[in-house]
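Notes for the one structure printed next.
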Amino acid sequence: QTVVTQEPSLTVSPGGTVTLTCASSTGAVTSGYYPNWFQQKPGQAPRALIYSTSNKHSWTPARFSGSLLGGKAALTLSGVQPEDEAEYYCLLYYGGARVFGTGTKVTVL
Amino acid sequence: EVQLVESGGGLVQPGGSLRLSCAASGFTFSSYWMHWVRQAPGKGLVWVSRINSDGSSTSYADSVKGRFTISRDNAKNTLYLQMNSLRAEDTAVYYCAREGEEQLVVNQLYYYYYYMDVWGKGTTVTVSS
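Below is the structure:
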C-alpha cells in the first residue's frame, strides 16, 4: 500500500516563510506524479492551491508556490498571513489512482 | 457558477447500502474525470474512486474495491457512488471533485497538467447500529 507522508505540524510567525513537503513510499516524487496541493479549514471543503507541481489556480494567492525539493514535492508559503492557518494536503497521481498525503497542520503564531 | 452538490448521505447499519449523488452545474460535465474523496471525523482526506469522462474506466482504493461502484450519467450531469456492505470505518464526509487536464505543446512536445479544482461541500455517511 502506497503511503504519502507529510509533516504532521509546522508553526510559523506572521510574515515568515514555511515549507511543507510530500514524500512517496515508492521513491522520489517527480513531475510525473503531478503533485497537487490543497488547503482545508475546519468545517470546509478542501480548496485547490497548486497543480502539477508548481502551477497556480487563478484564485491562488501569490505567496503560495510549489516545487520539487530533494525527491519530494514541496509547498512554500512566503509572507504568511493569519488566514493561512489551516490543514494542507498534497495529492499524488499513481496511474489511474490518486493518494492524498497525511496532511500538515500549519499554525500561525 | 461552477458547482458540485452532493446528496444521499445518512445513517445506515453495518452491512447496509447507500447511493450518493453529485449534481454538477456550470460546466461541461461530460468533459471531466470525476472523483470521490472521503474524510473520517478528525482524520485526513482519503481518495476513494475515480471515473473517466465517458464512464468507461474506473479505479478504486483498495479499502473499497469490490464494495463501492462509481458511475455517472452525463445526460443528467450527475456522478454516483453506490456503497454496499458498509462498515463502521466507512463513516465519513464524502466529497465529489472534478479533475481537469491542460495540454501544452512546446517544440512539438506535449506536456500535460492535471488538477482537481472544484469540490462539493460534502455529504455525511454514518455507519452504525
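Keeping their order, the protein sequence lines are chains E and Y. For the first sequence, position 88 matches number 88 in my numbering, and the numbering has no gaps at all. For the second sequence, position 23 matches number 23 in my numbering, and the numbering has no gaps at all. Just so you know, even glycine gets a beta-carbon here, dropped at the ideal spot from N, CA and C.
Are the beta-carbon atoms belonging to residue i and residue j less than 8 Å from one another?
i, j, result
"Thr-19 of chain E", "Thr-76 of chain E", "yes"
"Tyr-80 of chain Y", "Arg-19 of chain Y", "yes"
"Tyr-34 of chain E", "Tyr-93 of chain E", "yes"
"Val-5 of chain Y", "Ala-23 of chain Y", "yes"
"Val-125 of chain Y", "Gly-9 of chain Y", "yes"
"Arg-87 of chain Y", "Val-118 of chain Y", "no"
"Tyr-113 of chain Y", "Asn-36 of chain E", "no"
"Ser-31 of chain E", "Thr-53 of chain E", "yes"
"Ala-40 of chain Y", "Thr-91 of chain Y", "yes"
"Ser-31 of chain Y", "Ser-21 of chain Y", "no"
"Ser-53 of chain Y", "Trp-33 of chain Y", "yes"
"Asn-74 of chain Y", "Phe-29 of chain Y", "yes"
"Val-108 of chain E", "Val-29 of chain E", "no"
"Ala-45 of chain E", "Gly-120 of chain Y", "yes"
"Ser-17 of chain Y", "Met-83 of chain Y", "yes"
"Gly-101 of chain E", "Cys-22 of chain E", "yes"
Less than 8 Å between the CB atoms is what I'm expecting for residue i and residue j, so what's the real figure, rounded?
i, j, result
"Glu-99 of chain Y", "Met-116 of chain Y", "5 Å"
"Gly-15 of chain Y", "Ser-85 of chain Y", "6 Å"
"Lys-72 of chain E", "Ser-9 of chain E", "With 8 Å as the limit, Lys-72 of chain E and Ser-9 of chain E do not qualify as a contact, their Cβ atoms being about 17 Å apart."
"Ser-71 of chain Y", "Ile-51 of chain Y", "7 Å"
"Val-80 of chain E", "Gly-16 of chain E", "5 Å"
Interface residues of the region 46-59 of chain E facing chain Y [CB-CB below 7 Å]: So the list reads Pro-46, Ala-48, Tyr-51, Ser-52, Asn-55, His-57, given in the order they occur along the chain.
Near-chain Y residues of the region 74-93 of chain E - C-beta to any C-beta below 9 Å: Cβ contacts with chain Y: Glu-87, Tyr-89, Leu-91, Tyr-93.
Stretch pair the region 78-95 of chain E + the region 28-45 of chain E: three plus CB contacts closer than 8 Å: Contact between the region 78-95 of chain E and the region 28-45 of chain E is present, because at least three Cβ pairs lie under 8 Å.
Chain-ordered residues of the region 37-48 of chain Y with a beta carbon less than 9 Å from chain E: Considering only beta carbons, the part of the region 37-48 of chain Y lying closer than 9 Å to chain E consists of Val-37, Gln-39, Lys-43, Gly-44, Leu-45, Val-46, Trp-47, in chain order.
Contact set between the region 102-123 of chain Y and chain E, restricted to residues whose Cβ is under 7 Å from the partner: When C-beta distances to chain E are compared with 7 Å, the residues of the region 102-123 of chain Y below that value are Tyr-113, Tyr-114, Tyr-115, Met-116, Asp-117, Trp-119, Gly-120, Lys-121, Gly-122, in chain order.
Residues, ordered as in the chain, of the region 62-74 of chain Y that lie near chain E by beta-carbon distance below 7 Å: Taking 7 Å as the Cβ-Cβ cut-off against chain E, the residues of the region 62-74 of chain Y that qualify are Asp-62.
Chain E contacts made by the region 81-94 of chain Y, where a contact means CB separation under 9 Å: Result list: Val-93.
Segments assigned alpha helix (DSSP H), at least 4 residues, entirely inside the region 46-76 of chain Y: Contiguous alpha helix (DSSP H) elements confined to the region 46-76 of chain Y do not occur, taking only those with 4 or more residues.
Interface positions of the region 1-35 of chain Y facing chain E (Cβ-Cβ less than 8 Å), listed along the chain: Hits within the stretch, in order: His-35.
Length-filtered (3 minimum) beta strand (DSSP E) runs lying within the region 17-70 of chain E: Qualifying beta strand (DSSP E) stretches, in chain order: 17-24, 36-40, 47-51, 64-69.
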